[in-house]
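Student: The structure's right below; bear with me while I get my questions together.
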Amino acid sequence: MLDIFMTLENGEQRVERMQMPLMIGRSAQCGLRISHWRVAKQHARLSGLPGALELTDMGSLMGTFVNGRRITVHCPLMPTDDIVIGRCHFRVCAVHEDRVGRSAMESALPSDTPAAALLCGEQTQYMISRAPQPVSVASTAVNLGVSMPVHSRVPATKPASELMGSETAITRTLPYRHRLHAGLLQALDLRRRDVAGMSDTSLRHEAQILLDQIAADDTEIPDHVDREKLCREVLDEAVGLGPLEPLLADANISEIMVNRYDEIYIERQGRLLRHPAAFSSEQSVRWVIERIVTPIGRRIDESAPMVDARLPDGSRVNAVIPPIALKGASLTIRKFPAHRLRMSDLVRSNTISAAMAQFLLLCVGTRKSILISGGTGSGKTTLLNILSNGIPTGERIVTIEDAAELRLDHDHLVTLEARPANLENRGRIDIRDLVRNALRMRPDRIVVGECRGAEAFDMLTAMNTGHEGSLTTLHANSTRDALSRLESMVLMAGLDLPLPAVREHIGASIDIVVQQARFSDGCRKVTSIVEITGLESGRIQLQELFRYCPHSGFVGCGLLPSFIDDWRRAGLEFDIGVFSGDSADERAVE
12 MLDIFMTLEN GEQRVERMQM PLMIGRSAQC GLRISHWRVA KQHARLSGLP
62 GALELTDMGS LMGTFVNGRR ITVHCPLMPT DDIVIGRCHF RVCAVHEDRV
112 GRSAMESALP SDTPAAALLC GEQTQYMISR APQPVSVAST AVNLGVSMPV
162 HSRVPATKPA SELMGSETAI TRTLPYRHRL HAGLLQALDL RRRDVAGMSD
212 TSLRHEAQIL LDQIAADDTE IPDHVDREKL CREVLDEAVG LGPLEPLLAD
262 ANISEIMVNR YDEIYIERQG RLLRHPAAFS SEQSVRWVIE RIVTPIGRRI
312 DESAPMVDAR LPDGSRVNAV IPPIALKGAS LTIRKFPAHR LRMSDLVRSN
362 TISAAMAQFL LLCVGTRKSI LISGGTGSGK TTLLNILSNG IPTGERIVTI
412 EDAAELRLDH DHLVTLEARP ANLENRGRID IRDLVRNALR MRPDRIVVGE
462 CRGAEAFDML TAMNTGHEGS LTTLHANSTR DALSRLESMV LMAGLDLPLP
512 AVREHIGASI DIVVQQARFS DGCRKVTSIV EITGLESGRI QLQELFRYCP
562 HSGFVGCGLL PSFIDDWRRA GLEFDIGVFS GDSADERAVE
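Numbering of the sequence shown is given in my numbering, commencing with residue 12 and proceeding in unit increments.
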């Protein structure tokens, strides 16, 4: 049950007791009806459990506001939160089954609420009225033909307690976490400490002391609740990354995906799994995103609701917030492994054969320009990092990325990172600007994390004008698709080059294309290595040197690379028998 304290447009105050889940809107089927042009037919929905109420905006045009801020999902909804829908102000308090009658409402009311607000009386002809009988969110959507988010469609027969799934331990401790969190913030504020000027270690130490004292003085926390674990969760959320902290520490987790504050997925050994961890509220996710992006000079707000960032260990971060993220703030973290992988690790994991690995390392050492292509999560950046570490010592390397995540074991290294525009929409530095600038930095090799647009033309120009042996990646489903996408990106540079000239430019700049793929079982493979042999009849010619076959594994394709004679003259030893397909996995790579 819910007690809803309403302040109407004319100043009248009223109290209504209603059942959860509760739909608020202009439609006659809504549990709480507001007949106003600013209110949508299905405007907002109240659901959840006592202590963890959730208010969800159903995509209304005029929006739902909590404490003066427009929200998409707000949880937990507290009795002190001021809700504005249309011209009405609300405060909501969950009522337990044992708290019924007038006394329950009186105890839940704010102390400054006038006594007249307790007198519900008969229904008036004003703008708010109750529906004749409760209806479910799903049935209302069907009757009115309103499109609703998938996560809001629930069976009409389910009670409110099932809307949030089974009551897990995390859900049961949400009220205590929220109270301890608020007490910690108040304690830090009362001490008037310069939190921004404190180091992470000192801030965490002081917060730990305060939180232990607050938890010890809180007599409402039941004895069966693990106070130490509860304090650790609150501390992580207040000064760390909340429930993501243990996930980041788990070496078996390669990716963390926060769909919304209470919906977290992980990737473990290539498979996606739902994790029981959850944030205490939507605002907590926003705080975590701010902690990630602020130290590296990035920003995220309603004017710039998307951001790419990185963690101190190099893990890649992408965050999206409302209004473009309809379910709430979304966070994706591609973890950077603590152990720096080497080519021998890829061979042991059967991602690549020993012969293919040795061939690629020799290509890097002999300054062959390499393009790595593949889908999302196929391991392009990992292979790029490993091949970049194969560049001989003494050469000057310049790396260029959107968010710096490459980790090269190289002495002579310069790392450049793109920068988004500031609040005044100034100061934007694109990857293309960095590639142009890198040409003036006397590099021997240029490594671009990923080509996405017009910078592809400048990258090819660098490869073709004295910077052979450079490396980059792009998204594509096959080696032929990679070249087609590269053509499109060069045309995006706006130089009005004819297509034959673009293809000739690509053919003269790139020597090797490596294709990677991620299979349904989560394993990653180098599926093809091809050489660009030139241009014929206006089409780029490819010859495949190695491929991966699901039944026979890694095999050679029976063709020798055009530069094998150059290797022989240079005294480089390489068993050409591996190209025949007889044995592609005989040699180990250290």
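Every residue, glycine too, gets a C-beta built ideally from N, C-alpha and C.
Assign L174 to one of three DSSP states: helix, strand, or coil.
Tutor: A caution first: L174 carries a pLDDT of 32, below 50, which makes its placement in the model unreliable, though a value can still be read off. Here L174 sits in coil by DSSP.
Student: Give a yes or no on whether the C-beta atoms belonging to G386 and A528 are separated by under 8 Å.
Tutor: Going by C-beta atoms, G386 is nearer than 8 Å to A528.
Student: Any chance the CB of W48 is under 7 Å from a heavy atom of the ligand MN?
Tutor: In the structure on display, the ligand MN does not appear, and there are no ligands present to speak of.
Student: Please list, in chain order, all residues of the same chain as T490 whose beta carbon is under 7 Å from its beta carbon, the five residues on each side excluded.
Tutor: Excluding residues within five positions, the ones whose Cβ falls inside 7 Å are S384, V524, Q526, S539, V541 and L553.
Student: Leaving aside the five residues before and after A432 along the sequence, list all residues of the same chain whose C-beta is less than 7 Å from its C-beta, in chain order.
Tutor: So the list reads G438 and R439, once near-sequence residues are dropped.
Student: Relative to the C-alpha of R302, which residue among E256, H54, I82 and I225 is closest?
Tutor: It is E256.
Student: What do you get for L506, buried or exposed, if any count of 16 or more other CB atoms within 10 angstroms of its CB means buried?
Tutor: Exposed, because fewer than 16 other Cβ atoms sit within 10 Å of the Cβ of L506.
Student: Tell me the DSSP secondary structure of A473 in three-state form.
Tutor: Helix at A473.
Student: To which residues of the same chain is R297 closer than 8 Å at the C-beta, ignoring the five residues directly before and after it?
Tutor: I332 and A340.
Student: With distances taken between CB atoms, is the gap from T404 to L424 smaller than 8 Å?
Tutor: Against a cut-off of 8 Å, the Cβ pair of L424 and T404 comes out as no contact.
Student: If distances are taken between C-alpha atoms only, which option among L283, I275 and R285 comes closest to S291?
Tutor: Checking every option, the nearest Cα to that of S291 belongs to I275.
Student: Do you know whose CA, among L72, Q24 and L64, lies nearest G36's CA?
Tutor: With distances taken between Cα atoms, G36 lies closest to L72.
Student: Just verifying my parser: in three-state terms, what is the DSSP assignment at S399?
Tutor: Note: S399 maps to helix in three-state DSSP.
Student: Near P454, what residues of its chain come up, given a Cβ to Cβ distance below 7 Å and the 5 sequence neighbours on each side ignored?
Tutor: The answer, listed in chain order, is R407, I408, V409 and H478.
Student: According to the Cβ coordinates, are S380 and D261 closer than 8 Å?
Tutor: No. Outside cutoff.
Student: Within 8 Å, do at least three Cβ pairs link the region 271-287 to the region 335-349?
Tutor: With the cut-off at 8 Å, the region 335-349 and the region 271-287 touch.
Student: In whole angstroms, what is the alpha-carbon distance linking S399 and T426?
Tutor: Approximately 13 Å, taken between the alpha carbons.
Student: Please list, in chain order, all residues of the same chain as V446 whose beta carbon is under 8 Å from its beta carbon, the five residues on each side excluded.
Tutor: I411, I457, V459, E466, D469, M470 and A473.
Student: Measuring only the C-alpha atoms, how far is L419 from G325?
Tutor: Taking the straight line from one Cα to the other gives about 12 Å.
Student: If you drop the 5 nearest sequence neighbours on each side, which residues of the same chain put their C-beta closer than 7 Å to that of G545?
Tutor: The residues are G518 and Q552.
Student: Leaving aside the five residues before and after V501 along the sequence, list all residues of the same chain whose C-beta is less than 6 Å from its C-beta, in chain order.
Tutor: Cβ neighbours of V501 beyond the five flanking positions: A467, F468 and V513.
Student: Following the continuous beta strand (DSSP E) through S265, name the residue where it begins and the one where it ends.
Tutor: That run of the beta strand (DSSP E) goes I264 to R271.
Student: By DSSP, does K536 sit in helix, in strand, or in coil?
Tutor: K536 falls in the strand class under three-state DSSP.
Student: Can you give the beta carbon distance from D532 to G308, rounded, assuming they're within the 8 Å contact cut?
Tutor: That belief does not hold up - the Cβ atoms of D532 and G308 are roughly 40 Å apart, past 8 Å.
Student: Using the Cβ count rule (16 or more neighbours within 10 Å means buried), how would you classify F530?
Tutor: Label assigned to F530: exposed.
Student: Can you give me the start and stop residues for the alpha helix (DSSP H) that H1 sits inside?
Tutor: With the chain running from 12 to 601 in the structure shown, residue 1 is simply not present.
Student: Who are the near neighbours of S499 in its chain, counting only those whose CB is closer than 8 Å to its CB and skipping five residues on each side?
Tutor: The answer is none, since no qualifying residue turns up.
Student: Do R49 and R98 have their CB atoms nearer than 8 Å?
Tutor: It is a contact, given that the beta carbons lie within the stated cut-off.
Student: Among L214, T230 and R80, which one has its Cα closest to the Cα of D247?
Tutor: For the residues L214, T230 and R80, the minimum Cα distance to D247 belongs to L214.
Student: Taking the straight line between their C-alpha atoms, what separation do you get for L195 and Q219?
Tutor: Taking the straight line from one Cα to the other gives about 9 Å.
Student: Per DSSP, which one or two residues make a beta bridge with N329?
Tutor: Answer is D319 and T343, bridged to N329.
Student: So V299 is in the alpha helix (DSSP H); what residue range does that whole segment cover?
Tutor: Residues E293 to V304.
Student: Work out the CA separation of V358 and A365 for me, nearest whole Å.
Tutor: Near 6 Å, if we compare the C-alpha coordinates of V358 and A365.
Student: Could you say which of T476, L482, S548 and A487 lies nearest to P511 if we only look at CA atoms?
Tutor: Checking every option, the nearest Cα to that of P511 belongs to S548.
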